[in-house]
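I have placed the structure first, in the form of structure tokens, so that the comments after it can refer back to it.
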Amino acid sequence: MSLLIYAESADGKFKKVAFELASYAKKVAESLGTTVTAVTVNAGNVSELSKYGVDKVLKVSNDKLNNFNAKAFADVVEQAAQKEGAKVILLSSTTDSLYMAPLVAVGLDAGFASNVVGLPLSTSPFQVKRNAFSNKAFNITEINTDVKVLSLAKNSYGLVESNAAAVEEDFAPSLNDADFNVKVESVEKTTGKVTIADADVVVSGGRGLKGPENWGILEDLAGVLGAATACSKPVSDLGWRPHSEHVGQTGKPVAANLYVAVGISGAIQHIAGINSSKVKVVINTDADAPFFKVADYGIVGDALEILPRLTQKLKEFKTQNA
Amino acid sequence: MKILVCISHVPDTTSKINFVNGDTEFDTNGVQYVINPNDEFGLTRAIWFQEQQGANVTVVNVGGADAEATLRKALAIGANEAIRVNATPTDGFFVAKQLAEVAKSGGYDLIICGRESLDYNGGMVPGMLASLLDYNFVNSCAEITINGTSAKAAREIDGGKETISAALPLVIGGQKGLVEEKDLRIPNMRGIMTARTKVLTVLEPVAANINTKAVKFEKPAPKSAVKLFAADDLDGLINALHNEAKVI
Ligand SMILES: Cc1cc2nc3c(=O)[nH]c(=O)nc-3n(C[C@H](O)[C@H](O)[C@H](O)COP(=O)(O)OP(=O)(O)OC[C@H]3O[C@@H](n4cnc5c(N)ncnc54)[C@H](O)[C@@H]3O)c2cc1C
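Listed in order, the protein sequences are those of chains V and P.
When the letters of the first sequence are read in order and numbered with the numbering used here, they come out as residues 1 to 322.
When the letters of the second sequence are read in order and numbered with the numbering used here, they come out as residues 1001 to 1248.
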């Protein structure tokens, strides 16, 4: 029972989730007594994958695949799986990977489990634990098909190094015109900033920040922490921040190592989006704000007064601990 | 234009999540069900197409008789007709298979699903449906316009936005952005009255493999109480984040 991962890259560089997926795959492969093959698309230095236990890399180089295209990428993964005789196909939980995952599953007649948060609880029957009910519960799912597709929730396994020397092989899957029926006309990237999806630290502001004119102090804090900025839903509804920053059940999920919530009440729909973040810090004037119930650390106080001081203190801390 | 809007009937976002029967089933006791929020954006967008450029809007749900209240609500909001496939939605593939069957016989130009439903969070039905039908597919769709037989759409990507064009028939996994929250429709009295006379067809399911099965549920372990620091003890907080939580 061999195992295939799709190692996601952007501009030729692997995303951190690719290394997390490889780490996870290595462990699953061990329990199945098999090896890990990765398929890459227009990635640069694929030897980096070895460090996380990948034994073989199928390298696809094709200019037509410079932009992500779900159908074409699903074709690549399916053909790689067929070539390797892979019974388990592992994908990340990025927007792109989740876009193609159901296509891969149908293409390979495979059962699909998304949001997987840990190693299989059993491999026969094949059972995995996954997030459900907007992270308010876990669901143990059994996959009954011969071929299985799993997508791993971000930051749910971590990076584990192991030494393998990956064999590299060029791979040219056959793509057809129909793969490109959905055309990407243009891509607008929020440049120069850490995005919520990639960030290990997220600093998020709510209506308690009073207005867009106060976002500077939040950005300063994010700057010193190397964090992405985010917000609650009313903040984006009011147009203080772009919709792409809205976190929660109807917004983006955040699985960061550190989530700092400033002036956010902690409504259940907001919490649903941040439950899988590891450490939560809350700053709020209201000691009864529900957010304190789910937080690890908190300060009851005025954000407008605390943030500048916190940023200054962190700067000093960083210089001392550099 | 014929539009099919796939509606998932889910616990209201503030519901308490509990399980019964040895943690094998969701506890529906006291739970209010609603139109899945991602689907609600899609439904409103479909009604706009109906009002602004002419479209016939059918809503469909795979579920038990209890889901009919949710379908009636969609009819009250303005959908022309409703279909319920009479089956328990056991897994994403099963649901996609039923929807594909409905879609094939209806000849729809545009099929609107929500990006994911907020109960099982599978995020798989729209893509599987597109795949089974071999239709074009746009996921995380946050804008869409239709001109004749072609669509322009925008998709949210990690750290930005992508503009896409595709021919109909098309399946989208929709979300906020298709319309703004403030524009979501709520049924008015007239809508509720006319909904009673609209057609709600009940179909029996087709056979489908059960690829995955939810065998058990668990709740996260209760967490320890928050550690509070005084507003003038920021050093205490930084120290805890560094030495205890090890995140800075
Ligand atoms: C179907 C549905 C889906 C939803 N989805 C989402 C979602 O995805 N994401 C989301 O965020 N919300 C969502 N909501 C909205 C959610 O219920 C809350 O309304 C929202 O999260 C509240 O945002 P807030 O905490 O920023 O604002 P408020 O509720 O106004 O709270 C502001 C907080 O700031 C504090 N504060 C005020 N002044 C200061 C100060 N100077 N310093 C420090 N603290 C201060 C207050 O004590 C308060 O706790 C959804 C709602 C529904 C019905």
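All C-beta atoms in this analysis are idealised placements derived from N, C-alpha and C, irrespective of residue type, glycine included.
Does the beta carbon of residue i come closer than 9 angstroms to any beta carbon on chain V?
i: Ala1208 (chain P); result: no
i: Asn1121 (chain P); result: yes
i: Leu1234 (chain P); result: yes
i: Leu1228 (chain P); result: yes
i: Ala1240 (chain P); result: yes
i: Glu1068 (chain P); result: no
i: Glu1162 (chain P); result: yes
i: Gly1127 (chain P); result: yes
i: Glu1156 (chain P); result: yes
i: Gln1175 (chain P); result: yes
i: Ala1079 (chain P); result: no
i: Thr1149 (chain P); result: no
i: Phe1049 (chain P); result: no
i: Thr1028 (chain P); result: no
i: Leu1110 (chain P); result: no
i: Lys1198 (chain P); result: no
Here's the rule: buried if 16 or more other CB atoms are within 10 angstroms of the residue's CB, otherwise exposed. What is residue i?
i: Val1199 (chain P); result: exposed
i: His1242 (chain P); result: exposed
i: Ile1210 (chain P); result: exposed
i: Leu1237 (chain P); result: buried
i: Ala1230 (chain P); result: exposed
i: Gly216 (chain V); result: exposed
i: Lys13 (chain V); result: exposed
i: Leu159 (chain V); result: exposed
i: Ser61 (chain V); result: exposed
i: Lys315 (chain V); result: exposed
i: Glu78 (chain V); result: buried
i: Leu238 (chain V); result: exposed
i: Asp146 (chain V); result: exposed
i: Gly211 (chain V); result: exposed
Beta carbon of residue i: closer than 8 angstroms to some heavy atom of ligand 1?
i: Lys1152 (chain P); result: no
i: Phe1041 (chain P); result: no
i: Ala302 (chain V); result: Position check: residue 302 (chain V) holds Asp in this sequence, whereas Ala was assumed. Asp302 (chain V) Cβ: within cutoff of ligand 1.
i: Lys1227 (chain P); result: no
i: Ile268 (chain V); result: yes
i: Leu1234 (chain P); result: no
i: Ala1230 (chain P); result: no
i: Gly273 (chain V); result: yes
i: His246 (chain V); result: yes
i: Gly206 (chain V); result: yes
i: Ser1105 (chain P); result: no
i: Leu103 (chain V); result: no
i: Ser156 (chain V); result: no
i: Ser1015 (chain P); result: no
i: Gly263 (chain V); result: yes
i: Ser232 (chain V); result: yes
i: Lys210 (chain V); result: yes
i: Gln79 (chain V); result: no
i: Pro308 (chain V); result: no
i: Ile196 (chain V); result: no
i: Asn115 (chain V); result: no
i: Phe133 (chain V); result: no
i: Ala1245 (chain P); result: no
i: Phe291 (chain V); result: yes
i: Gly251 (chain V); result: yes
i: Pro1037 (chain P); result: yes
i: Val323 (chain V); result: Given a span of 1 to 322 for chain V in the structure shown, any question on residue 323 (chain V) remains unanswerable.
i: Asn1121 (chain P); result: no
Please tell me whether residue i has its Cβ less than 9 angstroms away from any Cβ of chain P.
i: Thr64 (chain V); result: The amino acid occupying residue 64 (chain V) in the given sequence is Lys; Thr does not appear at that position. So no, Lys64 (chain V) is outside the interface.
i: Asp302 (chain V); result: yes
i: Leu12 (chain V); result: The sequence as given places Gly at residue 12 (chain V); Leu does not occur at that position. Not an interface residue.
i: Arg241 (chain V); result: no
i: Val39 (chain V); result: no
i: Ala322 (chain V); result: no
i: Ala7 (chain V); result: no
i: Tyr52 (chain V); result: no
i: Tyr99 (chain V); result: yes
i: Ile89 (chain V); result: no
Which residues in chain A have a C-beta closer than 8 angstroms to the C-beta of residue i? List them in chain order.
i: Phe1217 (chain P); result: The chain inventory of the structure shown lacks chain A, comprising the protein chains V and P.
task = Kindly provide the ranges of any beta strand (DSSP E) runs that are 3 or more residues long and lie completely inside the region 81-149 of chain V, ordered along the chain.
result = 86-91, 111-116, 126-132 and 137-143
message = As an exercise, report each continuous beta strand (DSSP E) stretch of at least 3 residues that is fully enclosed by the region 1006-1087 of chain P, in chain order.
response = 1009-1011, 1033-1035, 1056-1063 and 1081-1086
message = At 4 residues or longer, what runs of the alpha helix (DSSP H) sit wholly inside the region 188-252 of chain V?
response = 215-225 and 233-237
message = As an exercise, report each continuous beta strand (DSSP E) stretch of at least 3 residues that is fully enclosed by the region 1149-1230 of chain P, in chain order.
response = 1150-1157, 1160-1167, 1170-1174, 1200-1203, 1212-1218 and 1227-1229
ask   = Quick one: complete alpha helix (DSSP H) runs, 4+ long, within the region 145-174 of chain V?
value = none
Any beta strand (DSSP E) of 3 or more consecutive residues that is wholly inside the region 1079-1149 of chain P = 1081-1086, 1110-1114 and 1136-1147
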